Every structure is written in structure tokens, then in C-alpha cells.
Amino acid sequence: MKIMLCGASDLNDNLPFFKRVASEMGFEPLNYLSGEVYYHQYGEDNWTSNSRLTVESADVIVFVINSGYGKITWKDELPKTIESGKNFLILCRKETYDLYLLVKDGKVKPATDESSSLIKQIEEMENGYQITIVPYVDLSDFSQKLKTHINGLYKIALNALQLRNQRATILPLLKLGNIQGEKFNPLQIKIAKEILFDVFEPKELRKRALNFLIDVSALSEDEIANLLVDVESGIARKTVVDLPRLVRENHDIDSIFKEVISCCIENEVGFVRRAIRSLIEIDISLAIKYLPALFPVQDIGTPRRIVTFLYERAEALTELCQSNTEYYKATINLLKLCIGYKTEEKDWKERAQILVDQIEDKIINN
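FYI, in this note's numbering the residues of the sequence shown are 19 to 384.
Okay, here's the thing in C-alpha cells:
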């Protein structure tokens, strides 16, 4: 493995300590001061190209801040490191970091333009990138902190491998079909949730994890709400389609309905159309309460689908209206909102009016 030292031209004192630590920990050291960089001698701005090539080849990058400002380091090497997802750490001489804190508090001003550039760079890293900067007191402390943080990276890597191994144990379960009624231990459920909520996992694997967790009834209303706003639209759409399977009697169904409506208002029509069917299927009494929040609508599919799904449940809807005046008022209000949508289409509007007449007739006659 390769480890790269980056910084200004004032790294000569750090270099032997860096090389010693690298050697002790089994790394091949890379640094431009000792010529250990990859070279590309053609084209413009060769130093920048060489630095980027070396960053690409390194497994770990160590940035060191002493007192000098290295433009290539902070304008090319650091952005390239972050962009490529490389493991890195930043060590800063304590005197320089203390100066940064004093400038930040308005107690002193940088003495030189170079110092000012360096202070601005530290501020950008801490406040912009939100990068942790580790101060070091002397070169012995530099060596010790370098070792400690490299060991920390090893630990993170081993934990990631352990997590990957754990996830591999549940893959056979995720490939099964309907597993309702089967017994599963808490660790299997925990691993399935980790897969489901890891946005970097493949979408199809996450969908399998969702199916598994639906079958074992393992998702809370908060977890369902998080899935409805997932960054992967395919997961959010699948969640809203599967809501009738997801929602359980012990859930706060009102809060789930509110979350779905909120998502509908902010989402594309495909999500809204899926939500209408699911909400009506879960609880028609709550659906007629919450669906009016979608109006006014721009898409004809919304009122048309509401009418279609309510019409399919005309008998149950009529009985609901007969049981409670509030349900009756909410149903008529929702149907009239649908009828009020301006369109030349008549068939679904006629069904909506038939439903209104049928319900009102039952209420009047009773």
C-alpha cells in the first residue's frame, strides 16, 4: 500500500519521521520532496498533473500544515483526494493552529499574505468541508499521532469488512419468497435494516431487504417515513405501493397518512397516484379525511383515481357515511373537489356524481 505526504515546501523536518512511520506500518511512502511522485512531463501545469497522478495512486494521503502555504496542495491535491474518496488525515503544527484560533476570535491579524492564505484554508476546511484537523506539538508527537490515526483507518476498514461479512450471511434469506410466519433473530433483522437504509447498496438488494422486513413486520412508523423520502426514488415508490403491507395495527396510522400526504405535495405524479390507491386500501375513513389536502391539483390523474378507487368501494363507503355525519361530510367534500376539476372527460365525473347521489339518497332515506 502507498501513503502520500502533502503540504508546502516546509516539510523537510517531517519527511524522515513520515518515512519511518510508513516503513514501520508497511506502507510505501510518496512525497515530491524526495522525488517519490508519478511523473507526466507533457502538457501544461505538469506539477499539478503529477500531484493528481500521485494522489490517484495512493491509498492514504497525509496533509501537513506547518507555516507555509502550498497552492497545489490545497487547490488540487485536497479536492482530488475528497473527490476520489481516498482515506486522508490532516496534521497541523500546534503554533499554526493556535494562531488560527486567535485570528478566528479577532484577537490578532495574520502577519503576512502567506499566513493569511493559510488561515483562510484552515477555516475553509473546518467550516466548509467540516474536516477534523489534528494539531501536533513536535515531531515526536507528529509521529505518534500519525501512527494513531493510521491505526484508526485500519480499524475502520476492518469494521467495514466485518459489516460486509455480516450482510453476506443474510443474502440467502433476501432471495427467498414469502417468509411470513418464519422465525428470525434480532441480528438478521438488524442487518436487513442496515442494508435497506444504506443508500450506497444496490437498489435491487435494498428492495429485497424491504420485502423481508415487511414479511417479518419489523419497520416502525418513523422508519416508514424515512423510506418515503429516500433519495432513491425507486425505494420511495416501492414503499408507498407496499404501504398496505407495511402498516400494522400498532402503528400510528394517522402520522403515516400525514407523512404520505406531505410527500405527495412535494413529489411527482407517479408517487401521488400510487399513494392514492394505498391510502384508500389501508383505511378509507382516513383517506377521505386526508386526500382533500392534495387539492387544487394540476394532474387529471389525481381526481380520476380517487373517484375510481372510491367507486370500487361504493358499498363500504356508503355504510361509512351512514355510520357517522363527519364521514358523510368528508366524503361529499372530497367527491365534489374531484368533480370540480376542469376537464372535458365525463365518464369518471359521472361516476363521482352517481356516488354522491347514492350516498345522499341513503342518508336522506335513513
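We put the CB at the ideal spot given by N, CA and C, even for glycine. Note that the coordinates shown come from a computational prediction; the quantities given were computed from them, not determined experimentally.
Compare the Cα-Cα distances from residue i to each of the options and report the closest residue.
i    : options                : result
V217 : A254, I188, F313       : A254
P204 : L237, K89, S341        : L237
K37  : Q316, L96, T99, L164   : L164
D375 : K360, Y359, Y346, E363 : Y346
E212 : A227, V155, Y147, S251 : A227
V155 : R111, E144, G124       : R111
N383 : A293, Q340, G358       : Q340
D31  : K380, F215, I83        : I83
I79  : V315, V287, G103       : G103
N105 : E113, A76, K193, N49   : A76
S133 : E267, E250, G88        : G88
K20  : D365, D94, L29, V73    : V73
P97  : E141, Y147, M43, D123  : Y147
Excluding the 5 residues flanking residue i on each side, which residues of the same chain have their C-beta closer than 6 Å to its C-beta?
i    : result
R291 : G319, R323
Q139 : W92
L214 : R224, A227, L228
L23  : F36, N49, V80
F202 : V234
E267 : none
G53  : In this predicted model, G53 has a pLDDT of only 47, less than 50, meaning its place in the structure is not dependable enough to derive any value.
Y115 : P153
Beta strand (DSSP E) containing residue i: first to last residue?
i    : result
N105 : 105 to 111
K360 : That residue, K360, is in no beta strand (DSSP E); it is neither H nor E in DSSP.
V80  : 78 to 83
V152 : 151 to 154
P47  : 46 to 48
I20  : Sequence inspection shows Lys at residue 20; the Ile mentioned does not correspond to that position. From DSSP, the beta strand (DSSP E) with K20 extends over 20 to 24.
Short of 7 Å in beta carbon distance, which residues of its chain neighbour residue i, apart from the five on each side in sequence? Order them along the chain.
i    : result
C281 : L246, V247, F289
N183 : none
F313 : L355
E62  : The predicted model places E62 with a pLDDT of 47, which falls under 50 and marks its position as unreliable, so this point remains unresolved.
K7   : Not covered by the structure: residue 7. The range shown for the chain is 19 to 384.
V265 : I271, I274, I300
H269 : E239
Q59  : Interpretation of Q59 is limited by its pLDDT of 43, a score under 50 that renders its predicted location unreliable; no figure is taken from the coordinates.
E286 : none
R263 : I232
Counting only the same chain and skipping the five closest in sequence on each side, list residues whose C-beta sits under 8 Å from that of residue i.
i    : result
L373 : V325, L328, Y329, A332, L335, L353
L304 : I271, D272, F275, L297
E250 : V217, K221, R224
Please classify residue i: is it buried, with 16 or more other beta-carbons within 10 angstroms of its beta-carbon, or exposed?
i    : result
G25  : buried
T257 : buried
R369 : buried
P321 : buried
I174 : exposed
I377 : buried
T349 : buried
E2   : Missing from the structure shown is residue 2; the chain here goes from 19 to 384 and no further.
D126 : Looking at the sequence provided, one finds Val at residue 126 rather than Asp. V126 comes out exposed.
L176 : exposed
Y308 : buried
Y359 : buried
Just curious, the alpha helix (DSSP H) that residue i is in, first and last residue?
i    : result
K276 : 271 to 284
Y329 : 319 to 330
P204 : 204 to 214
N244 : 239 to 246
E299 : 287 to 300
T187 : 157 to 192
F313 : No alpha helix (DSSP H) contains F313, which DSSP labels as neither H nor E.
V374 : 365 to 383
E42  : 32 to 42
R266 : Segment: none, R266 is in no alpha helix (DSSP H) and carries neither H nor E.
A227 : 221 to 233
Contact check, residue i vs residue j under 8 Å by CB: the rounded distance?
i    : j    : result
I207 : V152 : About 38 Å; that fails the 8 Å criterion.
F35  : F160 : 6 Å
L231 : A210 : 6 Å
L338 : I302 : 6 Å
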